[in-house]
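Structure record follows, encoded as structure tokens.
Residue numbers (the working numbering), protein chains in the order written: chain A, 3 to 240; chain B, 1421 to 1810.
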């Protein structure tokens, strides 16, 4: 599974929709759309800077959600990636009712697996994607394998978005092996995937990849953006 | 005050990246072991007494009391080594760090008091230390920046957001995610994910315990206990000991320049429930679900969130919360300095200001104010105002 993260409303609503279409047309399996938050503790300077720009432009969370709903007929799996406060403060139930059926899942950067039930218990019907990390212990596996999501988001680094993962490290491969032993869910590696070589390596180590910082850093420029997402697609098919 | 599964009522929880969960579990385990061990407790008590200078006195401020018609007692945390209550928690968490076998500590700081306390315990325990401080705060609290560097800590200036406390916490969390294997995040206020609020409250509870003992020796309890609230560590430290008494407890937030958005950090007066920096709590946020800008004349109070225990204590009604404006805090700063010869931190000046501004309400009552820190760090701020005009 190949995926691209782009930030909703960035650099403006029209450009965002065009980049969304480009990702789908390039043949990606899924897209993650970020909803901006001005205290993004899991994000490095590139994505955090883009979040702030969207917010300072006056683009609202509501308008980005409406844009995502408008793209409902585009054939690609759609996920929203954001922070807990956006969903909680929007209203968990209201958020769920608004988007249920339009997206395939939620990735919440500051929601650990053990707190997923907190959102379901307050009316969320959309599946939340669980995380596996380099720190995952055996005792954490239950919450991962029993999740409602169709895949596991493997955080490839200790750190924030924009750092570089080592996709051949023994540590990472052993954690993936530990997951394989208990689940058939797809393991998608995010955080730290930058180059076409990384994308290819992620498909060997796991079942797929998602790229964020490198796509957002090109999101303003359609030519660079499309050239980049195509390069990943070509490399990962070889 | 014990959390239920990490929550105080509906507040608290663990809203952090998954990568930090094993470290939070390890910390909780270490904390529970720590509390069971008499050796640990007595070692901490020794540090608190001989290194930090506890117990701190409760001082009856006669001159101030006479002028305002209120009997004002001050819990003198300003007399502690490093100049504020922050050392209580820093010593405790340094012992937890040693117990966990970690070699490096990081901390956020606003006014610099927690940064200095952390740099101090790092020197004492032989730990590597990195402090995150907003660059705006560093400029307005320069003496503390110099102290941290002298003590051997690396000071990292944070240039994101408003370049103040919230941004320093974010930068610390990011460092922690990247270095979680060998690093402990020595958080300075009763904020963040479980078990931090519980740990910080526990190590700060000595303030309230000593205060209560003092009043027991006097044969009565104070009518009021008043403390300033940013994240809320000094307030929770003193309030805890009085929860089962008839004493009225009041937390004072920074009203800043006004109660308009962006002009204050009066979270409990103006906030809505939200999730921020690891915890569900009241939060200053706008209608686009974004964290609001904050302001206070004091660098230790301008935080858009508040510890989850305070949100709960507010909703249960056991603690009342109010706010004072910058000008009132500066006025109280001058009054205490001139009438008692005690220069208070601008943070603590907020708690005192509430009493002076409402002296008719407190007339004839016994009021205990937590003087959480001393004010020499604030010279750079105070000299920008004409204190004689206040």
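Just so it is clear, CB atoms sit at the ideal spot from N, CA and C, and this is done for glycine as well.
No experiment lies behind these values; they were computed from the predicted model shown.
If you reduce the DSSP assignment to three classes, tell me which class residue 1424 of chain B lands in. Locating residue 1424 of chain B in the second chain gives position 4, counting from the first residue. If DSSP states are grouped into helix, strand and coil, residue 1424 of chain B belongs with the strands.
Taking CB distances under 7 Å as the criterion, tell me whether residue 185 of chain A reaches chain B. Taking the first chain and counting its residues from 1, one reaches residue 185 of chain A at position 183. Closer than 7 Å: no.
Is the beta carbon of residue 157 of chain A sitting closer than 7 Å to the one on residue 190 of chain A? Reading the first chain from its first residue, position 155 is the one you call residue 157 of chain A. Reading the first chain from its first residue, position 188 is the one you call residue 190 of chain A. In this structure, residue 190 of chain A does not lie closer than 7 Å to residue 157 of chain A by Cβ.
In terms of DSSP beta bridges, what is residue 1739 of chain B paired with? For this step, residue 1739 of chain B is matched to residue 319 along the second chain. Answer is B/1669, bridged to residue 1739 of chain B.
Go through its chain and collect everything with a Cβ distance to residue 1668 of chain B's Cβ below 8 Å, but skip five positions before and after it. Along the second chain, one-based indexing puts residue 1668 of chain B at 248. Correct list, in chain order: 1643, 1644, 1645 and 1740.
Which residues of chain A have a Cβ atom closer than 9 Å to the Cβ of residue 1598 of chain B, listed in chain order? To locate residue 1598 of chain B, count along the second chain from 1; it is residue 178. Contact annotation for residue 1598 of chain B against chain A: 159, 160, 161, 162 and 165 [CB-CB distance below 9 Å, chain order].
The region 1679-1696 of chain B: which residues have C-beta closer than 9 Å to a C-beta of chain A, in chain order? 1692, 1693, 1694, 1695 and 1696
N- and C-terminal bounds of the alpha helix (DSSP H) containing residue 1466 of chain B: Position 46 of the second chain holds residue 1466 of chain B. Run containing residue 1466 of chain B: 1458-1466, per the alpha helix (DSSP H) assignment.
Could you give the C-beta distance for residue 214 of chain A and residue 163 of chain A, rounded to a whole number, given that I count them as a contact under 8 Å? Residue 214 of chain A sits at position 212 when you count from the first residue of the first chain. Residue 163 of chain A sits at position 161 when you count from the first residue of the first chain. That belief holds up - the Cβ atoms of residue 214 of chain A and residue 163 of chain A are roughly 5 Å apart, short of 8 Å.
For residue 1720 of chain B, name the three-state secondary structure that DSSP assigns. Walking along the second chain from the start, residue 1720 of chain B turns up at place 300. Here residue 1720 of chain B sits in coil by DSSP.
Against chain A, does residue 1673 of chain B count as a neighbour if the rule is that its beta carbon must be under 7 Å from one of theirs? Locating residue 1673 of chain B in the second chain gives position 253, where the first residue counts as 1. Chain A, which has no Cβ nearer than 7 Å to the Cβ of residue 1673 of chain B, makes this no.
Figure out for me which residue from A/185, A/159, A/132 and A/11 has the closest Cα to the Cα of residue 1598 of chain B. Residue 1598 of chain B sits at position 178 when you count from the first residue of the second chain. The option with the nearest alpha carbon to residue 1598 of chain B is A/159.
When the cut-off is 7 Å and only beta carbons count, does residue 1603 of chain B lie next to chain A? Reading the second chain from its first residue, position 183 is the one you call residue 1603 of chain B. With 7 Å as the cut-off, residue 1603 of chain B does not count as an interface residue toward chain A.
Using the beta-carbon of each residue, which ones in chain A are nearer than 7 Å to residue 1442 of chain B? On the second chain, position 22 is the one that residue 1442 of chain B refers to. The contacting residues are 137 and 139.
Once the 5 residues before and after residue 31 of chain A are set aside, which same chain residues still bring their CB inside 8 Å of it? Along the first chain, one-based indexing puts residue 31 of chain A at 29. Cβ within range, chain order: 3, 4, 5, 78, 79 and 210.
Rounding to the nearest angstrom, what Cα-Cα distance links residue 1701 of chain B and residue 194 of chain A in this structure? Indexing the second chain from 1 puts residue 1701 of chain B at position 281. Indexing the first chain from 1 puts residue 194 of chain A at position 192. Their backbone Cα atoms lie some 32 Å apart in a straight line.
Per-residue burial, residue 1736 of chain B [other beta carbons within 10 Å of its own, 16 or more giving buried]: Residue numbering aside, residue 1736 of chain B sits at position 316 when the second chain is read from its first letter. The residue is exposed, with fewer than 16 neighbouring Cβ atoms inside 10 Å.
Residue 1515 of chain B, DSSP secondary structure in three states: Indexing the second chain from 1 puts residue 1515 of chain B at position 95. Under the three-state reduction of DSSP, residue 1515 of chain B is assigned to helix.
Could you have a look at residue 221 of chain A and say whether DSSP puts it in helix, strand or coil? One-based indexing of the first chain puts residue 221 of chain A at position 219. Three-state result, residue 221 of chain A: coil.
Contiguous beta strand (DSSP E) assignments of at least 3 residues, all confined to the region 1480-1549 of chain B: 1491-1496 and 1524-1529
Near-chain A residues of the region 1763-1776 of chain B - C-beta to any C-beta below 8 Å: none
Between A/8, A/27 and A/192, which has its C-alpha nearest residue 18 of chain A's C-alpha? Taking the first residue of the first chain as 1, we reach residue 18 of chain A at position 16. Cα-wise, what sits closest to residue 18 of chain A is A/8.
Just checking: is the beta-carbon of residue 1810 of chain B within a distance shorter than 7 Å of some beta-carbon in chain A? Here the question's residue 1810 of chain B lines up with position 390 in the second chain. It does not: the Cβ of residue 1810 of chain B has no partner Cβ on chain A nearer than 7 Å.
Quick check on the DSSP output: the beta strand (DSSP E) that includes residue 1577 of chain B runs from which residue to which? The sequence position of residue 1577 of chain B within the second chain is 157, counting from 1. First-last of the beta strand (DSSP E) with residue 1577 of chain B: 1574-1578.
By the three-class DSSP mapping on this structure, what secondary structure does residue 1783 of chain B have? For the purposes of this step, residue 1783 of chain B is identified with residue 363 of the second chain, where counting begins at 1. Correct three-state label for residue 1783 of chain B: coil.
Interface partners of residue 1433 of chain B on chain A, CB under 8 Å: One-based indexing of the second chain puts residue 1433 of chain B at position 13. Per Cβ cutoff of 8 Å: 117 and 120.
Is the Cβ of residue 90 of chain A closer than 7 Å to any Cβ of chain B? Residue 90 of chain A sits at position 88 when you count from the first residue of the first chain. Residue 90 of chain A counts as touching chain B.
Measuring straight from C-alpha to C-alpha, what distance separates residue 92 of chain A and residue 100 of chain A? Here residue 92 of chain A is taken as the residue at index 90 of the first chain, counted from 1. Here residue 100 of chain A is taken as the residue at index 98 of the first chain, counted from 1. Between residue 92 of chain A and residue 100 of chain A, the C-alpha separation is close to 10 Å.
What are the boundary residues of the alpha helix (DSSP H) that includes residue 27 of chain A? In the first chain, the residue the question calls residue 27 of chain A occupies position 25. Annotation for residue 27 of chain A: the continuous alpha helix (DSSP H) segment containing it runs 15-27.
Give the residues of chain B in contact with residue 195 of chain A, contact being defined as C-beta atoms less than 8 Å apart. Numbered from 1 along the first chain, position 193 holds the residue referred to as residue 195 of chain A. The premise fails here: residue 195 of chain A is roughly 16 Å from chain B at the closest Cβ pair, so nothing lies under 8 Å.
Less than 8 Å between C-beta atoms, sequence neighbours within five positions excluded: which residues of the same chain meet that for residue 1499 of chain B? Translated into positions along the second chain, residue 1499 of chain B becomes position 79. Closer than 8 Å at Cβ, skipping near neighbours: 1473, 1476, 1477 and 1794.
Distance between beta carbons of residue 62 of chain A and residue 1708 of chain B, contact taken as under 8 Å: Position 288 of the second chain, counting from 1, holds the residue named residue 1708 of chain B. Position 60 of the first chain, counting from 1, holds the residue named residue 62 of chain A. Contact holds; Cβ gap of about 5 Å.
Cβ-based neighbour list, residue 42 of chain A, same chain, cut-off 8 Å, excluding 5 preceding and 5 following: Position 40 of the first chain, counting from 1, holds the residue named residue 42 of chain A. Result list for residue 42 of chain A: 49, 50, 53, 85 and 111, in chain order.
In angstroms with no decimal places, state the Cα-to-Cα distance between residue 109 of chain A and residue 15 of chain A. Counting from one through the first chain, the residue named residue 109 of chain A turns up at place 107. Counting from one through the first chain, the residue named residue 15 of chain A turns up at place 13. Their backbone Cα atoms lie some 21 Å apart in a straight line.
Which partner residues of residue 102 of chain A appear in the DSSP bridge assignment? As a first step, residue 102 of chain A must be located in the first chain, where it is residue number 100. Answer is A/105, bridged to residue 102 of chain A.
Name, please, each residue of chain A whose Cβ falls closer than 8 Å to the Cβ of residue 1436 of chain B. In the second chain, counting from the first residue as 1, residue 1436 of chain B sits at position 16. Within chain A, the residues near residue 1436 of chain B are 43, 112 and 114.
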